[in-house]
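What follows is one structure encoded as structure tokens, with my remarks underneath.
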Amino acid sequence: MRELQEGADRRLRAWRGRAAGGAALAAQPWHAARERLRAAEERTRLPIANVLVLVVALSLPFWPVIDSRWLRILVLVGIFVVLGLGLNIVVGYAGLLDLGFVAFFATGAYTYAILSSPASPALQADLNWWLAIPVVLAVGSVVGVLLGLPVLPLRGDYLAIVTLGFGEIVRILLLNVVGLTNGAQGLFNIPRPEFAGWVLEALDHWYWVLVLASFILAFAVGRMRASRMGRAWEAIREDEDVAAGMGVNTVKYKLLAFAMGAAIGAFGGLVFAGFFTFVNPSSFTLLVSINVLSIVVIGGMGSTPGVVLGALILIGLPEVLQFDETSRLLSLFNPIVPFADTSLWGRQLASARFIVFGLMLVAVMALRPQGIFAAARPQVRLPRASGR
Amino acid sequence: MATSPAEPTLRDEAATAMTRLRTRSLTMRFEGLVALDAVDLEVRPGAIHGLIGPNGAGKTTLFNVVTGYHRPTSGTIELDGRRIDGLLRHEIAEAGVSRTFQNIRLFGAMNVIENVLVGRHSKIAVAGVELAGRMRPHSDHRALAAVRALPSAPRAMLHGLLEVAGAIAQPPRVRQTERAAIEHCAELLQFVGLVGREHELANNLSYGDQRRLELARALATDPALLLLDEPTAGMNPAESASVVRLVRRIRDELGVTVLLIEHAMSVVMGVCERITVLDYGRKIAEGTPAEIQGNAAVIEAYLGTSAAQGGGRAAPRA
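Protein chains in written order, with this note's numbering: chain A, 288 to 675; chain B, 185 to 502.
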């Protein structure tokens with residue numbers, strides 16, 4: 288009797304799955320392709336997609352269309368990819384809404400600037416950029432914990448407000464602790480990364496360093512996510528109280544999320560300082576926090592490819608729209624569009640970028656709340672042998 | 185409040201061996217409201233113990249206090265003779281108390297096996313540091329957890345660093361314990377009857393399956409004591425009967441002591457060996473189902489004074 292009932296249940300579920308879930312999945316544009324790719328990767332035990340992306344990304348500077356303007360934009364995009372990977376841990380995995388992420392970006396940039404710039408008023412440490420990496424990661428995570436401690440009991444909007452304030456406090460400190468930061472004038476002549484006589488200066492070299500750094504970070508973040516730490520983060524995001532009841536030290540893992548996000552954000556700052564060789568407080572405004580958060584949200588919270596796509600769209604696209612080629616391309620529409628100079632469209636769109644961002648955010652939230660690249664779930668799968 | 189940390193267990197070794205959970209004059213006050221009023225509760229090892237009482241009697245509050253969601257205003261809680269009041273929630277979970285919730289609370293956006301894996305959290309190694317079964321000694325700190333963590337800041341940071349390093353490098357020990365945890369979770373899912381649903385999102389399960397998943401997750405922490413808050417709420421008789429069977433198997437096959445809150449009298453009277461009745465935060469009766477059914481105070485609490493006076497001898501309708 289019971290078996291009969293259960294059998295009927297199972298059939299009904301299977302039918303519902305095909306009718307609802309199946310149709311919805313099939314409607315997803317890349318679902319079939321993604322499934323085939325996953326199967327191939329399981330067969331070959333090789334992350335084919337990642338390798339392809341890495342090869343394409345590394346080869347970009349050799350493409351004929353890619354000139355220095357493109358590379359400059361791509362480096363900028365790369366810095367924001369790093370920042371996005373950091374914030375993704377805090378917001379996407381652990382579900383802690385942080386509106387002050389720029390504070391960690393600034394921490395990293397200024398840590399290196401103070402320790403290396405000849406204009407640094409406090410000390411002349413002359414620290415090498417490569418050696419600064421561990422220093423900046425450590426300082427960043429400590430600052431992350433320092434922000435995390437007072438906000439431990441806060442959730443949701445309260446957390447957002449406090450972190451927002453934190454970002455502003457850091458910027459105002461940078462402006463006013465003149466003896467350390469040189470105030471509004473900022474710190475200049477920051478040395479470029481140098482290793483055994485090789486100075487990291489050429490745009491394509493910077494680009495390659497950033498691609499590799501992003502891949503290493505993405506790998507590390509992916510590993511973290513797939514560990515018990517990542518599950519603890521997600522459990523905290525889903526229901527903090529229950530997570531605690533299941534043996535998760537929520538204090539520890541919330542602080543770890545802040546520390547990891549902050550360390551990666553600080554690394555982004557280190558790259559920023561080394562690339563532009565100049566920092567001042569006006570680079571570290573609330574707008575940076577908002578940009579990074581938009582990247583994470585539009586790309587898809589908790590999704591690494593989403594961060595890359597978000598950075599390309601939000602940081603790269605407005606720049607590309609201002610290219611002369613874009614104008615020339617757009618001018619082709621002139622004959623069919625009356626009463627308008629279509630060649631100006633790109634620049635106009637770029638100067639109205641915040642309106643466009645706003646509309647995009649609204650559109651993504653309304654049409655695809657999980658972001659363009661929804662985080663690839665599920666993570667843990669039973670090994671074949673022990674299944675069924 | 186609590187007098188001395190980790191009272192010597194020698195004094196009543198014999199008695200503690202008999203008790204899994206013991207609360208002594210446990211009191212919980214919220215502002216003016218006394219939710220628990222000097223409750224003495226004793227749950228024997230291997231028992232299925234029922235906790236009943238009218239709405240607002242303090243049953244769920246008792247669960248919340250035992251599992252560390254509230255700090256008791258006064259009184260003590262012992263698990264197998266060891267004080268657990270004052271411990272943090274995750275420490276209580278590691279000490280061996282697990283629970284389910286009245287309104288099902290799963291990690292909705294995680295899949296079934298991951299939900300259970302979260303319960304297995306403390307059984308997965310951290311970069312060479314064996315954490316399983318380790319516990320900080322009982323301490324009387326009442327300050328915020330963060331403040332409490334401060335004096336041992338370097339240690340905590342080292343621990344955090346090991347956690348991150350272990351996650352990224354995945355040394356063999358971590359991988360091996362993780363694999364063992366996944367296998368254990370698969371077995372638990374088999375135990376509660378969720379085979380074949382491992383990769384579904386928790387949110388997409390049916391109501392009954394969500395209850396089962398919550399049970400599996402609670403069992404994943406290897407509890408000595410399992411607190412079930414209305415495990416059959418909202419179920420039809422057939423579903424409810426299968427949960428009752430499951431509760432029995434949890435005790436019989438896994439040897440887990442069960443303390444359960446339940447409103448359905450048929451369930452309570454059928455599955456529990458002992459029952460404690462709370463009313464307005466006070467314990468008004470304790471005994472076997474038969475004793476409880478004939479208890480005048482219980483009938484009064486459930487049906488009102490006149491019923492108790494008029495038909496005090498009659499068994500209450502369940």
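Quick reminder that beta carbons are idealized off the backbone N, C-alpha and C, glycines included. Fair warning: this is a prediction, and the values are worked out from it, not measured in the lab.
Exercise. Does DSSP classify B/Asp264 as helix, strand or coil?
Worked result: It is coil, neither helix nor strand.
Exercise. With DSSP run on the structure shown, which of helix, strand or coil describes A/Ser355?
Worked result: In the three-state DSSP reduction, A/Ser355 falls in the helix class (H, G or I).
Exercise. Looking only at DSSP bridge pairs, what is B/Ile236 linked to?
Worked result: In the DSSP output, where bridge partners are listed per residue, B/Ile236 has B/Val461.
Exercise. Hey, does B/Ile483 have any beta-carbon neighbour from chain A nearer than 8 Å?
Worked result: So, not an interface residue.
Exercise. If we ignore side chains and look at the alpha-carbon of each, how far apart do B/Leu444 and B/Pro415 end up?
Worked result: Here the C-alpha atom of B/Leu444 lies approximately 8 Å from the C-alpha atom of B/Pro415.
Exercise. Does the count of Cβ pairs from the stretch 226 to 241 of chain B and the stretch 457 to 466 of chain B closer than 8 Å reach three?
Worked result: Touching, per the Cβ criterion.
Exercise. When DSSP labels each residue in this structure, what does A/Arg615 get in the three-state scheme?
Worked result: Assignment of A/Arg615 by DSSP, reduced to helix, strand and coil, places it in the helix class.
For this session: From the DSSP output, in three-state form, read off B/Ala327 for me.
Result: In this prediction, B/Ala327 has a pLDDT of 38, which is less than 50 and means its spatial position is unreliable; nothing more can be read from the coordinates.
Exercise. On the three-state DSSP scale, how would you describe B/Ala481?
Worked result: DSSP places B/Ala481 in helix when its eight states are reduced to three.
For this session: Report the neighbours of B/Gly292 on chain A: residues whose CB is nearer than 7 Å to its CB, in chain order.
Result: Neighbours of B/Gly292 on chain A, chain order: Glu525.
Exercise. Under 8 Å Cβ-Cβ, which residues of chain B neighbour A/Leu543?
Worked result: Residues of chain B passing the Cβ test: Gly344, Glu347, Val348.
Problem set entry | Spatially closest choice to A/Asp444 from A/Gly603, A/Ser581, A/Val378, by CA coordinates | When only C-alpha atoms are compared, the closest one is A/Val378.
Problem set entry | Proximal residues to B/Gly418 (C-beta, below 7 Å), its chain only, five neighbours per side dropped | So the qualifying residues of the chain are Tyr391.
For this session: Between the Cα of A/Arg356 and those of A/Glu612, A/Ala637, A/Gly645, spot the shortest distance and give me the residue it belongs to.
Result: Comparing C-alpha distances from A/Arg356 to each of A/Glu612, A/Ala637, A/Gly645 shows the shortest one belongs to A/Glu612.
Exercise. Anyone know if the C-beta pair for A/Val338 and A/Phe571 falls short of 8 Å?
Worked result: No, Cβ-Cβ distance for A/Val338 and A/Phe571 is not below 8 Å.
Problem set entry | Nearest candidate by alpha-carbon position, reference A/Leu424, set A/Gln472, A/Leu504, A/Thr468 | The shortest Cα separation from A/Leu424 among A/Gln472, A/Leu504, A/Thr468 belongs to A/Leu504.
Problem set entry | Listed by chain order, chain B residues near A/Met511 by CB distance under 8 Å | Val348, Ala351, Ile352, listed in chain order.
Exercise. Residues of chain A with CB under 7 Å from B/Leu301, in chain order?
Worked result: The CB of B/Leu301 comes closer than 7 Å to the CB of Arg518, Val667 in chain A, given here in chain order.
Exercise. Around the Cβ of B/Gly350, are there at least 16 other Cβ atoms within 10 angstroms (buried) or fewer (exposed)?
Worked result: When all chains shown are included, B/Gly350 counts as buried.
For this session: Taking A/Asn536 as the query, report the chain B residues whose CB atoms sit under 7 Å from its CB, ordered along the chain.
Result: Scanning chain B for C-beta atoms nearer than 7 Å to the C-beta of A/Asn536 yields His274, reported in chain order.
Problem set entry | Collapsed DSSP secondary structure at B/Gly292 in the structure displayed | Note: B/Gly292 maps to coil in three-state DSSP.
Problem set entry | Segment limits, beta strand (DSSP E) that includes B/Gly471 | It spans 466 to 471 - the beta strand (DSSP E) in which B/Gly471 sits, taken as one unbroken run.
Exercise. Relative to chain B, which residues along the stretch 411 to 440 of chain A have a C-beta separation below 9 Å, given in chain order?
Worked result: Correct list: Ser428, Val429, Val432, Gly435, Leu436, Pro437, Leu439, Pro440.
Exercise. Do B/Val302 and A/Arg330 have their CB atoms nearer than 8 Å?
Worked result: Not a contact, by the Cβ cut-off of 8 Å.
Exercise. Per DSSP, B/Arg283 is paired with what?
Worked result: Answer by DSSP bridge pairing, in chain order: B/Leu411.
Exercise. Can the beta-carbon of A/Val432 be found closer than 8 Å to that of A/Leu542?
Worked result: If you check the CB distance, A/Val432 and A/Leu542 come in under 8 Å.
Exercise. Is A/Arg528 close to chain B, meaning its C-beta is less than 8 Å from at least one C-beta of that chain?
Worked result: For the sequence presented, residue 528 of chain A should be read as Asp rather than Arg. At a cut-off of 8 Å between beta-carbon atoms, A/Asp528 makes contact with chain B.
Exercise. List, in order along the chain, the chain A residues whose C-beta lies closer than 9 Å to that of B/Ile261?
Worked result: Result: empty, since nearest Cβ-Cβ is about 15 Å, beyond 9 Å.
For this session: Look at A/Leu608 and A/Leu636 and say whether their C-beta atoms are less than 8 Å apart.
Result: Yes, these two residues count as a Cβ contact at 8 Å.
Exercise. Looking at the C-beta of B/Thr257, does it have a partner C-beta in chain A at a distance below 8 Å?
Worked result: B/Thr257 has a beta carbon lying at 8 Å or more from every beta carbon in chain A.
For this session: State buried or exposed for A/Pro437, treating a residue as buried only when at least 16 other CB atoms are found within 10 Å of its CB.
Result: The residue in question, A/Pro437, is exposed, as its Cβ has fewer than 16 Cβ neighbours within 10 Å.
For this session: Please name the residues in the stretch 442 to 474 of chain A whose beta-carbon is closer than 9 Å to at least one beta-carbon of chain B, in chain order.
Result: When C-beta distances to chain B are compared with 9 Å, every residue of the stretch 442 to 474 of chain A stays at or above that value.
Problem set entry | Coarse secondary structure for A/Val651, derived from DSSP in three states | Note: A/Val651 maps to helix in three-state DSSP.
Exercise. On the three-pair Cβ rule with 8 Å, is the stretch 364 to 380 of chain A touching the stretch 527 to 539 of chain A?
Worked result: The answer is no - the stretch 527 to 539 of chain A does not touch the stretch 364 to 380 of chain A, with fewer than three Cβ pairs under 8 Å.
For this session: Sort A/Ala327, A/Gly373, A/Ala319, A/Ala320 by Cα distance to A/Gly593 and report the nearest one.
Result: Cα-wise, what sits closest to A/Gly593 is A/Gly373.
Exercise. Can you find a CB in chain B that lies within less than 8 Å of the CB of A/Glu329?
Worked result: False, the Cβ-Cβ gap to chain B never drops below 8 Å.
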